[in-house]
Amino acid sequence: MAVLSLSEVDEIAARHPQVFAGSLRKRLAGWAIGLGVAAYLAFAWWFFAIGTVFANGNWDIAGAYLADWVTYEARPTIGIEENHLEISFPRFDPVGERGSVDWLTSETAMVERAAAAPAGNANSSAGGGSAGSFLGPVGGKPAPTGSSAAAAPSPATGGAAIRQEETVRATVEIGSRNLIEIVPGLVTVTRGSETLVADIAKGQSVTARGPLPDWAEQKAPGAKIIVRFGFAGRAEIEDDEVKIRHRFWGWANFVFDTNSPFWGKSAGEVFSLIASGERADPKRSNLALAWDNILNNSEWQHLDVWTKLLQTIVMAFVGTVFASLLAFPLAFAAARNITRSRIANQAAKRLFDFLRSVDMLIWALFFTRAFGPGPLAGISAIFFTDTGTFGKLYSETLENIDDKQREGIRSVGAAPSLVQRYGVVPQVLPVFLSQSLYFWESNTRSATIIGAVGAGGIGLKLWEAMRTNSDWENVAYMVLLILIVVFVFDNISNALRRRLMGGDPASTQPV
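Structure (structure tokens):
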């Protein structure tokens with residue numbers, strides 16, 4: 001057999017170029033497809049205004065939200081009075097209202113203050129100053145009970161001056177080389193080797209001494225100054241207070257909240273208290289108290305989250321099982337080779353089309369209105385949608401079976417029901433179960449989505465946390481739980497499907 005050399009092939013191609021060139025359509029097909037894809041992407045970019053979205057996106061807020069998934073902020077406020085400071089923490093701050101932290105230190109001294117109440121307000125004076133009034137303490141903290149501040153001032157003088165111990169200096173350390181020093185009328189901020197000094201005119205203005213560094217911002221003369229320390233946090237210097245935002249890695253108070261007697265203690269201290277410590281609650285052991293504090297953690301709500309997650313799993317399981325049980329007999333009516341009635345075939349198939357043409361989310365909205373918020377609406381939505389999907393899949397599987405087994409069963413005189421039982425079901429049952437297992441795993445994810453519209457489960461809890469725009473660490477916690485559940489059920493479903501469809505391939509490989 002003669003074999004052409006490369007040079008001979010090149011000579012033939014040169015003599016007959018029209019044979020080797022190919023058609024014009026084939027030569028231009030690649031370019032046409034590439035241009036079509038490029039045109040489609042350009043149209044989508046213009047139609048959805050992607051450039052405008054990127055240009056107008058508030059990436060600082062997006063970055064802060066993402067950071068909140070794995071970090072938390074302590075947010076003390078340092079009020080600036082005429083001759084003293086007032087340090088306070090929000091009620092739900094991660095460090096608690098007590099605010100005992102090593103990165104915020106203070107100095108106290110005796111200062112003179114005006115009496116808290118006028119002569120005519122004897123009831124307020126007798127109650128310990130204005131601490132119980134709607135406006136709160138006037139001029140700082142109320143005087144201690146039994147001190148001279150509780151006495152009514154002289155009407156002639158309009159209020160006698162008193163001396164009491166107050167905070168006069170506060171130092172906040174944010175990060176390794178960032179420092180904020182606050183005294184009445186003056187705030188000094190140090191970041192690395194740079195220093196910013198701001199004069200505070202209470203209730204009037206904030207004035208920086210010299211130009212602002214790159215990490216400080218003031219939108220207008222006299223307005224507040226915002227200083228940023230990167231990931232470590234930021235501070236807002238206003239004319240009457242300094243707001244601190246100090247960021248830390250981790251999830252604060254994940255085990256015990258600030259109301260627990262075990263809060264702030266190390267793991268060793270907690271185990272020691274549980275094993276041999278004095279009872280914090282005389283009515284129960286420290287172990288029972290610790291477990292109750294974990295489950296009923298007011299910040300993370302572990303018991304409620306786990307209960308809602310179990311609801312989601314039950315919703316997916318019950319909805320899938322009911323849909324499989326109903327779709328199984330209806331699929332036999334829809335299969336043309338099983339049921340010869342064209343009317344029955346079309347009626348069953350149109351029912352499947354109707355049930356699956358309406359999305360699960362729409363069914364969830366409908367049943368939430370019908371049954372009210374709760375898992376029943378979620379189960380019904382999954383049941384309706386999956387009945388239509390299973391019916392279509394099952395009927396198509398039945399229409400593609402091997403008729404030889406049915407003919408063999410029929411040839412021995414078996415009744416029609418026995419023909420289906422022994423000639424059809426053994427062929428399709430592994431496929432049916434495999435598809436049901438897959439949808440069970442898929443519905444575990446879908447149940448989270450429909451739960452967000454009120455159909456019960458962890459989806460509603462997740463949506464509530466997202467709506468606060470502040471509990472993003474709780475969102476991350478629930479998302480992580482959902483991922484773990486989906487991962488576990490995915491592996492269980494895959495293992496069961498492998499066994500139903502003929503065994504584990506890894507176990508059948510030759511050694």
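Following UniProt numbering, the numbering of the sequence shown begins with 1 at its first residue and continues without gaps.
Idealized CB from N, CA, C, for every residue including glycine.
Less than 8 Å between the CB atoms is what I'm expecting for T444 and T312, so what's the real figure, rounded?
-> Position 444 of the sequence shown holds residue 444. Position 312 of the sequence shown holds residue 312. Contact flag correct, Cβ pair sits at about 7 Å.
Under the assumption that L460 contacts M478 (Cβ atoms under 8 Å), give the Cβ distance between them as a whole number of angstroms.
-> By one-based count along the sequence shown, residue 460 stands at place 460. By one-based count along the sequence shown, residue 478 stands at place 478. Actually they do not touch by this definition, with Cβ atoms about 11 Å apart.
Where the alpha helix (DSSP H) through S395 begins and ends = Here residue 395 refers to the residue found at position 395 of the sequence shown. It spans P375 to L398 - the alpha helix (DSSP H) in which S395 sits, taken as one unbroken run.
What's the gap between the Cα of V187 and the Cα of N58?
-> On the sequence shown, position 187 is the one that residue 187 refers to. On the sequence shown, position 58 is the one that residue 58 refers to. The straight-line gap from Cα to Cα measures roughly 30 Å.
beta-carbon S298 near the ligand MG non-hydrogen atom, thresh 7 Å = By its list of ligands, the structure shown contains no ligand whatsoever, and the ligand MG lies outside what it can speak to.
Would DSSP call N83 helix, strand or coil?
-> Position 83 of the sequence shown, counted from the start, is the residue given in the question as residue 83. N83 falls in the coil class under three-state DSSP.
Cβ atoms of L196 and V227: under 8 Å apart, would you say?
-> For the purposes of this step, residue 227 is taken as the residue at position 227 of the sequence shown. For the purposes of this step, residue 196 is taken as the residue at position 196 of the sequence shown. Cβ distance < 8 Å, so V227 and L196 count as in contact.
Secondary structure of G120, DSSP reduced to three states | The residue you call residue 120 lines up with position 120 of the sequence shown. Since pLDDT at G120 reaches only 49, below the 50 mark, its modelled position is unreliable, and the value read off the structure follows with that caveat. Correct three-state label for G120: coil.
Local Cβ density within 10 Å of F89, reported as buried at 16 or more and exposed below that = Working through the sequence shown from its first residue, we reach residue 89 at position 89. Its Cβ being crowded by 16 or more others within 10 Å, F89 is buried.
In three-state terms, what does DSSP make of A333?
-> The residue labelled residue 333 in the question sits at position 333 within the sequence shown. Here A333 sits in helix by DSSP.
With 16 as the cutoff for other CB atoms within 10 Å, does F487 come out buried or exposed?
-> By one-based count along the sequence shown, residue 487 stands at place 487. Burial call: exposed.
Cβ shell of Q218 (< 8 Å), same chain only, five flanking positions each side left out = The sequence position of residue 218 within the sequence shown is 218, counting from 1. Once the five neighbours on either side are set aside, the close Cβ partners of Q218 are V206, A208, L212, K224, I225 and I226.
N- and C-terminal bounds of the beta strand (DSSP E) containing D239 = For the purposes of this step, residue 239 is taken as residue 239 along the sequence shown, with counting starting at 1. Per DSSP, D239 belongs to no beta strand (DSSP E) and is neither H nor E.
Given D403 as reference, the closest of T385, Y422 and K392 once Cα atoms are compared = Working through the sequence shown from its first residue, we reach residue 403 at position 403. Cα-wise, what sits closest to D403 is Y422.
Apply the 10 Å Cβ neighbour rule to P375 and answer buried if 16 or more other Cβ atoms are within range, or exposed otherwise.
-> As a first step, residue 375 must be located in the sequence shown, where it is residue number 375. The residue in question, P375, is buried, as its Cβ has 16 or more Cβ neighbours within 10 Å.
Would you call F367 buried or exposed, if buried means 16 or more other Cβ atoms sit within 10 Å of its Cβ?
-> Start at 1 with the first residue of the sequence shown, and residue 367 comes out as number 367. That one is buried.
Local conformation of residue 535 per DSSP, three classes | There is no way to answer for residue 535, as the model of the chain reaches only from 1 to 511.
Of the choices I200, P184 and L179, whose alpha-carbon is the least far from that of T190?
-> Locating residue 190 in the sequence shown gives position 190, where the first residue counts as 1. Among I200, P184 and L179, the Cα nearest to that of T190 belongs to L179.
Given E299, which residues of its chain have a CB within under 6 Å of its CB, disregarding the five upstream and five downstream residues?
-> Counting from 1 along the sequence shown, the entry for residue 299 is found at position 299. These residues qualify, in order along the chain: N253 and D257.
For H246, count neighbouring C-beta atoms within 10 Å of its own C-beta (all shown protein chains included) and say buried if the count is 16 or more, exposed if not.
-> Here residue 246 refers to the residue found at position 246 of the sequence shown. By the 10 Å Cβ count, H246 comes out buried.
Cβ pair A347, W363 closer than 8 Å | Translated into the one-based positions of the sequence shown, residue 347 becomes position 347. Translated into the one-based positions of the sequence shown, residue 363 becomes position 363. No. Outside cutoff.
Is the beta carbon of L295 less than 8 Å from the beta carbon of I458?
-> For the purposes of this step, residue 295 is taken as the residue at position 295 of the sequence shown. For the purposes of this step, residue 458 is taken as the residue at position 458 of the sequence shown. Contact flag unset, no.
Taking R356 and K392 to be in contact with their CB atoms under 8 Å, please state how far apart those CB atoms are, rounded to whole angstroms.
-> Position 356 of the sequence shown, counted from the start, is the residue given in the question as residue 356. Position 392 of the sequence shown, counted from the start, is the residue given in the question as residue 392. Between K392 and R356 the Cβ distance is about 7 Å, and since that is below 8 Å, they are a contact.
Rounded separation between Q164 and K202 - CA only | As a position in the sequence shown, residue 164 is number 164, starting the count at 1. As a position in the sequence shown, residue 202 is number 202, starting the count at 1. One C-alpha to the other measures close to 21 Å.
Within 10 angstroms of the Cβ of residue 515, are there 16 or more other Cβ atoms? Answer buried if so, exposed if not.
-> Here the chain comprises residues numbered 1 to 511, so residue 515 is not present and cannot be evaluated.
Over the uninterrupted alpha helix (DSSP H) stretch that includes E407, give me the two end residues.
-> Walking along the sequence shown from the start, residue 407 turns up at place 407. Note, E407: alpha helix (DSSP H), D403 to S411.
Could you spell out where the alpha helix (DSSP H) holding I437 opens and where it closes?
-> As a first step, residue 437 must be located in the sequence shown, where it is residue number 437. A quick correction: the sequence has Leu, not Ile, at residue 437. Start and end: V425 to I450.
State the start and end residues of the unbroken alpha helix (DSSP H) segment that holds D60.
-> In the sequence shown, counting from the first residue as 1, residue 60 sits at position 60. Its alpha helix (DSSP H) spans residues W59 to D68.
CA-to-CA distance, T105 to G140, given in whole angstroms | Stepping through the sequence shown from its first residue, residue 140 is reached at position 140. Stepping through the sequence shown from its first residue, residue 105 is reached at position 105. Because the pLDDT of G140 is 43, which lies under 50, any placement of that residue in the model is unreliable, and the number read from its coordinates should be weighed accordingly. Rounded to whole angstroms, G140 to T105 spans 19 Å at the Cα level.
Rounded straight-line distance, which links the Cα of E112 to that of A152 = Indexing the sequence shown from 1 puts residue 152 at position 152. Indexing the sequence shown from 1 puts residue 112 at position 112. Low local confidence applies: a pLDDT of 42 at A152 is under 50, so the model's placement there is unreliable, with the coordinate-based value given in what follows. Cα to Cα, the separation comes out at about 17 Å.
CA-to-CA distance, M315 to N337, given in whole angstroms = Taking the sequence shown and counting its residues from 1, the one referred to as residue 337 is at position 337. Taking the sequence shown and counting its residues from 1, the one referred to as residue 315 is at position 315. Those two C-alpha atoms are separated by around 34 Å.
Residue burial classification, A495 (beta-carbon count within 10 angstroms, cutoff 16) = As a first step, residue 495 is located in the sequence shown; it is residue number 495 there, counting from the start. A495 should be labelled exposed.
Among G372, T387, L326 and F332, nearest to D359 - alpha-carbon criterion = Counted from its first residue, the sequence shown places residue 359 at position 359. The residue with the shortest Cα to Cα distance from D359 is T387.
Pull up the distance between the alpha-carbon of R498 and that of A55, whole angstroms please.
-> Sequence index remark: in the sequence shown, residue 498 carries index 498 (1-based). Sequence index remark: in the sequence shown, residue 55 carries index 55 (1-based). Approximately 49 Å, taken between the alpha carbons.
If T397 sits next to V428, beta carbons under 8 Å apart, how far is it from one beta carbon to the other, in whole angstroms?
-> Against the sequence shown, residue 397 aligns to sequence position 397. Against the sequence shown, residue 428 aligns to sequence position 428. Indeed, because the Cβ distance is near 5 Å, the residues count as touching under 8 Å.
Run through DSSP, which three-state label would G222 get?
-> Along the sequence shown, read from residue 1 onward, the residue named residue 222 stands at position 222. G222 falls in the strand class under three-state DSSP.
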